[in-house]
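Residue numbers for the first sequence, in the UniProt record's numbering: 1 to 567.
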Amino acid sequence: MNKKIIIRTLEKIALYMELKGENPFKVSAFRKAAQALELDQRSLDEIEDVTKLKGIGKGTGDVIVELIEKGKSTVLEELQAEVPSGLVPLLKLQGMGGKKLAKLYKELGIDSAEALKQACLDHQIQKLPGFGPKSEDKILKELTDFESKPGRHPIWKTEEAVRFIEDVLEKIEGVSEFSVAGSYRRTKETSKDLDFIVATAEPAKVKEELLAALPIQETIASGDTKVSVTVEFQDLIDIDFRLVAPEEFVTALHHFTGSKDHNVKLRQLAKSQNKKISEYGVEQEDGSVATFTSETDFYAHFGLPFIPPTVREDGREFDRLDDIPNLVALEDIRADLHMHTTWSDGAHSLKEMIEANRSRGYEYMVITDHSHYLKVANGLTPERLLAQNAEIRELNKQYSDIEVLSGTEMDILPDGSLDFNDEVLSQLDFVIASIHSSFQQPREQIMERILTAMKNPHVDMIAHPTGRIVGQRSGYDPDVEQLLDWAKEYGKIVELNASPYRLDLAVEYLEMAQEKGVPVAINTDAHAVNQLEVMAIGVRHAQKSWLKKDHVVNTWPLERLREYLKN
DNA sequence: GCCGTTTTCGGCCCGACTGTTTTCAGTCG
């Protein structure tokens with residue numbers, strides 16, 4: 001029995017229990033059991049007694065054992081006999097929970113989206129106690145939105161909205177401080193909605209100006225301190241604003257940054273210290289409420305070091321506090337190893353790119369334009385590459401504060417060959433190999449191509465190793481574990497491509513790379529000078545993967561990297 | 001259902017908002 005199937009079954013049981021109107025704590029016990037299993041790194045065979053795990057007791061333990069031994073769960077089967085499966089997807093409707101759906105099923109026999117819609121149209125819902133005409137309208141609207149609204153927004157889409165809103169808030173008088181919070185602040189790949197914390201002594205005025213400045217499609221909720229709206233950018237996106245008093249800013253920011261699991265853990269810790277955390281402050285034993293001027297102070301109040309938003313996820317961060325000071329940070333970055341110029345498909349010249357890197361304070365950089373196979377990107381022929389190489393060597397003489405290295409982003413062709421021969425490659429300082437074509441090939445063929453690049457002694461790094469676009473395409477589906485094993489064997493670097501479109505490798509694979517001892521480079525793949533800024537996103541993505549500074553090659557001094565590349 | 005250096009019962013993070021009520025349940029994050 002697969003561990004993932006067990007985790008999903010426990011979660012499924014929780015869903016059905018919710019629809020049965022079970023005690024919410026019982027429901028969450030099943031979710032916690034699923035999470036306990038998921039967070040344990042061991043395989044099922046390696047766990048001797050599941051009930052030894054915190055969060056798994058007799059009830060959930062029995063379910064797990066039955067699943068392992070018989071491949072089924074009596075508990076789930078009984079629930080499924082009682083609760084129609086058509087209700088499960090309805091839990092996703094905004095404003096609909098287990099209790100309401102249970103009532104609708106019990107009173108009106110509603111067991112599917114169609115039945116729910118019909119009951120609304122027949123005005124059956126408003127007859128029930130606890131429901132009214134507004135409930136009916138809302139459900140109908142939700143049922144329609146359900147199909148059209150995108151579920152989660154990739155980070156490259158939310159970025160635009162965040163910038164826009166930041167500009168708006170910047171201009172509103174009476175706003176003393178503001179920040180984006182939520183999963184965006186934690187640098188998740190995708191976000192369900194955006195959260196902003198706004199500190200102000202004049203909430204009514206600020207709220208009014210804020211709402212007037214946004215392209216609002218719909219107002220979901222509008223209270224004194226909380227405003228939820230659907231805003232029209234590229235897509236429709238839900239945004240929550242919290243208007244708080246200036247002294248509450250830090251605790252509110254922390255609260256709405258989450259994650260939920262992180263907050264629960266911290267609140268439990270606070271409780272053990274006879275303190276109570278809310279978004280307004282920390283209530284002390286004597287009833288007074290402490291507020292803070294920084295999150296660092298806030299954490300220190302509980303005897304904790306500052307925990308960066310990027311690692312506030314499943315609660316395990318509290319067990320890894322000692323690793324936090326070693327996590328890679330933006331100021332550790334000494335170089336960018338992947339960027340393009342007007343020689344191929346970049347927007348800026350060699351000189352402009354060099355100046356932009358200098359002004360970021362980098363100690364070295366690598367120019368890596370595309371190779372000739374990539375005709376749409378005006379890829380360089382061997383002749384042009386060598387000409388560029390010469391120009392870079394010449395330009396480099398002009399700078400004493402930055403070392404400009406000559407490289408390439410060379411295509412791994414569909415037939416598995418490389419776009420430049422060894423003689424050309426041997427003249428470069430840094431060689432990137434990457435796949436830009438024939439993504440649909442079977443995995444074996446993709447892996448063959450990757451292996452060719454791995455075996456070539458001139459290749460130093462594999463760029464965007466899976467070819468994914470966050471929230472849009474999954475890439476060419478390589479066997480990443482195998483890829484990392486090869487990288488280890490052949491001494492290659494794997495890239496963390498910092499472009500918010502890519503963030504490739506993903507978190508789970510970066511964790512795997514670090515475990516296997518495969519070094520990582522965080523690169524922007526910039527095609528214009530302003531794109532060098534995405535290094536910050538890449539570094540946060542790296543933190544999320546718990547990458548330590550020393551594991552990231554572009555935090556190394558150039559001499560150390562050169563030494564490494566020789567091997 | 002799970003948990004326990006105040007334990008085997010009584011908590012389980014905490015508060016806002018909505019729509020229904022006429023003081024609160026349900027949902028959400």
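We put the beta carbon where it would ideally sit given N, CA and C, even for glycine.
- In the structure shown, Phe164 falls within a helical segment according to DSSP collapsed to helix, strand and coil.
- For Met454, no beta strand (DSSP E) segment is defined; the enclosing uninterrupted segment is the alpha helix (DSSP H) at Arg443 to Lys455.
- Judged by DSSP secondary structure, Gln217 falls within the beta strand (DSSP E) whose first and last residues are Ile216 to Ser222.
- Gln543 sits buried, since 16 or more C-beta atoms from the chains shown fall within 10 Å of its C-beta.
- Residue pairing from DSSP places Lys226 in a beta bridge opposite Arg242.
- Close CB contacts of Leu330 within its chain, under the 6 angstroms cut and outside five residues either way in sequence, are with Ala536 and Val539 (chain order).
- Between His254 and Phe298, the C-beta gap is smaller than 8 angstroms, which places the two residues in contact.
- About 7 angstroms separates the Cβ atoms of Glu248 and Glu279, confirming a contact at the 8 angstroms cut-off.
- At the C-beta level, Asp224 and Pro203 come within 8 angstroms of one another.
- For the options Val366, Ala113 and Glu394, the alpha carbon positioned closest to that of Glu142 is the one of Ala113.
- If you draw a 10 Å sphere on the C-beta of Ser474, you find fewer than 16 other C-beta atoms in it, and that means exposed.
- Secondary structure in the segment 255 to 304: the alpha helix (DSSP H) runs of 4 residues or longer, each lying completely within the stretch, are 260 to 272 and 295 to 300 in chain order.
- The beta carbons of Asp369 and Ser344 sit closer together than 8 angstroms.
- Around the CB of Tyr399, fewer than 16 other CB atoms lie within 10 Å, so the residue is classed as exposed.
- Lys12 is positioned such that its CB atom lies closer than 8 angstroms to that of Leu76.
- The three-state secondary structure of Leu128, taken from DSSP, is coil.
- In terms of Cα proximity to Val250, the closest of Arg242, Glu295, Phe241 and Asn263 is Glu295.
- The alpha carbon of Gly71 has as its nearest neighbour, out of Gly98, Lys3 and Glu38, the alpha carbon of Lys3.
- Annotation: Ala199 to Ala181 spans about 13 angstroms, alpha carbon to alpha carbon.
- When the five nearest sequence neighbours on each side are left out, the beta carbons in the same chain lying within less than 8 angstroms of the beta carbon of His458 are those of Asp422, Leu425, Ser426, Leu428 and Val431, in order along the chain.
- The beta carbons of Met447 and Glu495 sit no closer together than 8 angstroms.
- Look at Gly407 here: in three-state DSSP terms it is strand.
- In this structure, Arg185 places its C-beta atom within 8 angstroms of the C-beta atom of Thr257.
- 8 angstroms or more divides the Cβ of Thr381 from the Cβ of Gly416.
- Excluding its 5 nearest sequence neighbours in each direction, His153 has C-beta neighbours in its own chain below 7 angstroms: Thr190, Ser191, Asp235 and Ile237, listed in chain order.
- Counting of Cβ neighbours within 10 angstroms places Gly281 among the buried residues, the total reaching 16 or more.
- Where Ser437 is concerned, there is no enclosing beta strand (DSSP E), because DSSP gives it neither an H nor an E.
- Secondary structure of Ile110 (DSSP, three-state): coil.
- Between Leu108 and Leu101, the gap from beta carbon to beta carbon reaches 8 angstroms or more.
- Under DSSP, Asp195 takes part in a beta bridge, and its partners are Asp240.
- Considering only Val534, Ile367 and Gly517, the residue with the shortest C-alpha distance to His551 is Gly517.
- Of the residues assessed, Asn274 falls on the exposed side of the cut-off, its CB having fewer than 16 other CB atoms within 10 angstroms.
- For Gly95, the closest of Lys58, Gly57, Asp145 and Glu48 by C-alpha to C-alpha distance is Asp145.
- Between the alpha carbons of Lys488 and Glu363 lies a distance of about 27 angstroms.
- With a cutoff of 8 angstroms on beta-carbon distance, Leu266 and Phe241 are scored as not near each other.
- Following the DSSP letters along the chain, one finds Phe178 inside the beta strand (DSSP E) bounded by residues Val175 to Val180.
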